[in-house]
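As structure tokens, the structure follows; a few thoughts come after it.
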């Protein structure tokens with residue numbers, strides 16, 4: 001398929017790092033090589049990193065987009081449990097074994113795991129080479145591929161090791177969503193619902209209205225949704241690249257979400273855990289008075305329309321979940337901190353402070369009543 | 001010992017990152033906690049990372065300088081062969097196990113290995129926490145602690161994995177050099193000789209004149225030498241933080257030096273390998289016409305005065321050494337590139353290009369005739 005209309009969303013990288021653009025358009029998967037060379041001309045040799053599933057689906061096309069130049073595909077086994085320091089090490093060594101120098105670049109082709117893992121490989125390879133993010137899942141398109149966060153998990157928690165390494169470009173082709181299983185499409189919609197919840201209530205409600213088109217992977221519905229979510233995320237990221245302030249609002253649902261995901265041994269997907277996390281954090285916000293009553297219920301309606309879970313699975317013990325809260329990066333000085341909604345479409349803001357301390361009592365109450 | 005006069009050398013971090021200062025003065029080892037808190041006020045909990053040798057010598061004093069607050073010492077076994085991803089992983093996990101969040105900071109207390117390793121831990125911990133470099137070897141004081149390079153080795157070569165992570169501060173106390181063995185003092189002088197070779201011929205000759213005072217660890221001689229070297233390095237780094245151009249001149253002696261060091265299985269220390277590398281690269285420069293005749297011989301005289309080797313050890317086969325050149329970061333598009341002297345005190349500059357392609361033939365000639 002040849003590329004049709006392309007929409008570019010600019011992103012400010014911040015911290016003196018180079019700005020970049022997210023390109024959204026059907027058929028763009030076949031332009032990766034051309035775009036990569038244009039945005040990172042110092043990189044003369046490229047590798048494409050993908051998990052084995054995505055590699056089998058799209059690896060050939062992306063490698064071919066480099067026009068016959070040697071752009072090998074490096075794969076690793078699919079799954080969040082492979083987002084580890086050991087895989088990072090193996091991919092790095094595979095690049096070293098090919099004699100790749102500083103004049104090399106990495107294409108991260110895949111979902112959030114690949115983007116984070118391959119991004120961290122690029123961030124640390126010879127102290128940093130360019131990465132082009134080519135997200136192939138909804139969650140990666142609307143969330144993880146934009147913003148420059150890279151990293152891997154450790155046994156103690158998610159993303160505990162990593163680096164800020166903004167991409168040279170992000171290339172989003174909504175047609176690749178058709179090959180995703182329905183459950184993975186639903187999962188990705190959790191981050192889109194989050195963008196609605198923190199920044200645009202109409203957008204959030206619209207996701208519920210177009211639920212079936214989105215869940216079945218209808219390309220135009222996906223394209224519009226992805227574009228709006230990227231606009232929300234790019235706007236937040238551009239105003240605060242290093243998460244010192246505003247960017248924290250993107251963590252809505254993620255403090256409890258990460259703990260639930262880790263407590264489940266990653267039996268819950270990231271999106272499912274964030275969906276439940278958003279509901280619980282909205283309920284918590286209502287309980288402590290930051291959030292308008294009824295907001296959690298409105299979130300529940302949207303999330304259920306896109307077939308996402310909204311309750312803590314009964315087998316996840318509240319005490320175990322709380323144990324994983326302690327390992328979260330968002331803990332400061334031993335104090336739990338979270339972002340709260342003011343209402344659907346807007347976060348609670350105490351004079352430019354977006355993350356707020358919360359006591360253990362209400363957290364336990366909400367976890368137990370869920 | 002209480003602190004006496006302190007000299008501050010400012011360093012521009014570049015890339016939008018925060019500038020920092022190198023503080024040089026006798027007795028400063030006891031001010032680390034105070035300085036760390038002042039330069040990184042967001043870090044409320046600190047860890048001190050050192051190898052077991054340096055930890056035993058200075059760990060207590062540095063931890064005590066935090067004035068009774070919990071600033072634990074994390075140690076690892078001494079030696080370049082411990083600058084690995086496995087040690088990085090273990091130190092990271094030790095920090096996670098202590099529940100350290102984003103409001104933490106790292107003191108890197110030790111030589112170049114510790115600075116690189118602990119710096120890389122800080123660079124990647126929760127995507128980056130502040131590091132204060134407290135170099136305790138000459139090579140670390142005059143070279144590795146300034147400039148923001150962090151990283152670890154892989155079996156294929158040195159520093160193949162890492163990050164740019166400028167320190168929040170560098171604290172240099174020349175009195176700690178007294179506890180170094182003479183051979184390690186000599187080793188560190190290799191980088192100081194390099195600063196003379198690339199930027200200040202008088203300084204280079206002065207090192208030879210004051211050789212005995214420097215080798216025996218006389219504090220005032222060390223202090224002056226360290227200060228002048230830091231000035232040279234800070235000047236170069238401040239003009240080019242990301243090694244795209246001028247900073248490459250600091251690699252003089254290092255392309256062949258790294259290959260020799262790796263080929264020796266790290267039997268040669270870094271400084272010894274760089275000493276030989278500088279001589280060979282000066283000879284190579286004379287051979288290909290970039291370097292004034294006799295420059296290599298003048299370098300040899302200075303290096304011999306400070307008891308450093310100037311010839312390839314006969315057991316290191318030239319072909320094996322060349323094999324390690326291929327893995328070096330400074331290779332671009334498969335082409336070997338090196339910085340050459342124009343003469344002692346000045347590098348060869350071809351219109352703002354500092355690293356120059358070199359053919360394999362002359363490299364082999366120089367390696368074989370050494």
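Chains as they are written, first to last, in the UniProt record's numbering: chain A, 1 to 370; chain B, 1 to 370.
Ideal Cβ positions, reconstructed from N, Cα and C, are used throughout, including at glycine.
Query	Result
Is the beta carbon of residue 259 (chain B) less than 8 angstroms from the beta carbon of residue 324 (chain B)?	yes
For residue 280 (chain B) and residue 184 (chain A), what's the separation of their Cα atoms in angstroms?	58 angstroms
For a quick check, are the C-beta atoms of residue 306 (chain A) and residue 189 (chain A) less than 8 angstroms apart?	yes
So, using beta-carbon positions, are residue 9 (chain A) and residue 21 (chain A) closer together than 8 angstroms?	yes
Output the distance between the C-alpha atoms of residue 220 (chain A) and residue 104 (chain A), rounded to the nearest integer angstrom.	35 angstroms
Tell me the start and end of each unbroken alpha helix (DSSP H) in the region 12-73 of chain A that is at least 4 residues and wholly inside, in chain order.	32-39 and 60-64
Does residue 87 (chain A) come within less than 8 angstroms of chain B when only Cβ atoms are used?	no
So, for residue 116 (chain B): in the same chain, excluding its five sequence neighbours on each side, which residues have a beta-carbon less than 8 angstroms away from its beta-carbon?	83, 144, 149, 150, 151, 152, 159 and 162
Determine the closest residue to residue 12 (chain A) out of A:295, A:211, A:166 and A:131, with distance taken between C-alpha atoms.	A:166
Skipping 5 residues on each side, what residues in its chain have a beta carbon closer than 7 angstroms to that of residue 266 (chain B)?	80 and 81
Show which residues of chain A have a CB atom less than 7 angstroms away from the CB atom of residue 30 (chain B).	In chain order: nothing, as chain A lies at least about 26 angstroms away.
Starting from the C-beta of residue 253 (chain B), find all residues in its chain whose C-beta is less than 7 angstroms away, skip the five residues before and the five after it, and write them out in chain order.	194, 274, 277, 278 and 281
For residue 110 (chain B), which residues in the same chain have their Cβ closer than 6 angstroms to its Cβ, ignoring the five residues on either side in sequence?	50, 51, 54 and 136
Consider the Cβ of residue 128 (chain A): report whether some Cβ of chain B lies at a distance smaller than 8 angstroms.	yes
How do the region 311-320 of chain B and the region 224-240 of chain B stand: do at least 3 beta-carbon pairs fall below 8 angstroms, yes or no?	no
Determine the closest residue to residue 191 (chain B) out of B:178, B:207, B:40 and B:367, with distance taken between C-alpha atoms.	B:207
Return the bridge partner residues of residue 369 (chain B) from the DSSP annotation.	Residue 369 (chain B) is not bridged to any residue.
In angstroms, rounded to a whole number, what distance separates the CA positions of residue 29 (chain A) and residue 170 (chain A)?	11 angstroms
Give me the Cα-Cα distance between residue 359 (chain B) and residue 64 (chain B), rounded to the nearest whole angstrom.	54 angstroms
Can you tell me whether DSSP reads residue 227 (chain A) as helix, strand or coil?	helix
Could you tell me if residue 186 (chain A) is buried or exposed, where buried requires 16 or more neighbouring beta carbons within 10 angstroms of its beta carbon?	buried
Check whether the Cβ of residue 82 (chain A) lies closer than 7 angstroms to any heavy atom of the ligand FMN, and answer yes or no.	Summarising the ligand content, the structure contains no ligands, and the ligand FMN is consequently not present.
Among the candidates B:344, B:304 and B:86, whose CA atom is the shortest distance from the CA of residue 293 (chain B)?	B:344
Going by DSSP, what residue range makes up the beta strand (DSSP E) through residue 355 (chain B)?	355-357
Three-state secondary structure (DSSP) at residue 380 (chain B)?	Nothing can be reported for residue 380 (chain B), as the shown portion of chain B is limited to 1 through 370.
Strictly below 9 angstroms CB to CB, what residues from chain B border residue 154 (chain A)?	89, 92, 93 and 96
By the criterion of Cβ-Cβ separation under 8 angstroms, what are the contact partners of residue 149 (chain B) in chain A?	127
Starting from residue 153 (chain B), trace the beta strand (DSSP E) both ways and give me its first and last residue.	149-154
When the Cα of residue 102 (chain B) is compared with those of B:112, B:211, B:131 and B:38, which residue comes out closest?	B:131
Could you tell me the alpha carbon to alpha carbon distance between residue 127 (chain A) and residue 121 (chain A), rounded to whole angstroms?	10 angstroms
Quick one: measure Cβ to Cβ for residue 139 (chain B) and residue 230 (chain B), integer angstroms, because I've assumed they're closer than 8 angstroms.	About 12 angstroms separates the two Cβ atoms, so there is no contact after all.
Please state the DSSP three-state secondary structure of residue 114 (chain A).	helix
From what residue to what residue does the beta strand (DSSP E) around residue 158 (chain A) run?	157-164
Among A:39, A:164, A:94 and A:43, which residue has its Cα nearest to the Cα of residue 16 (chain A)?	A:164
So residue 164 (chain A) contacts chain B; which residues on that side make the cut at Cβ distance below 8 angstroms?	127 and 128
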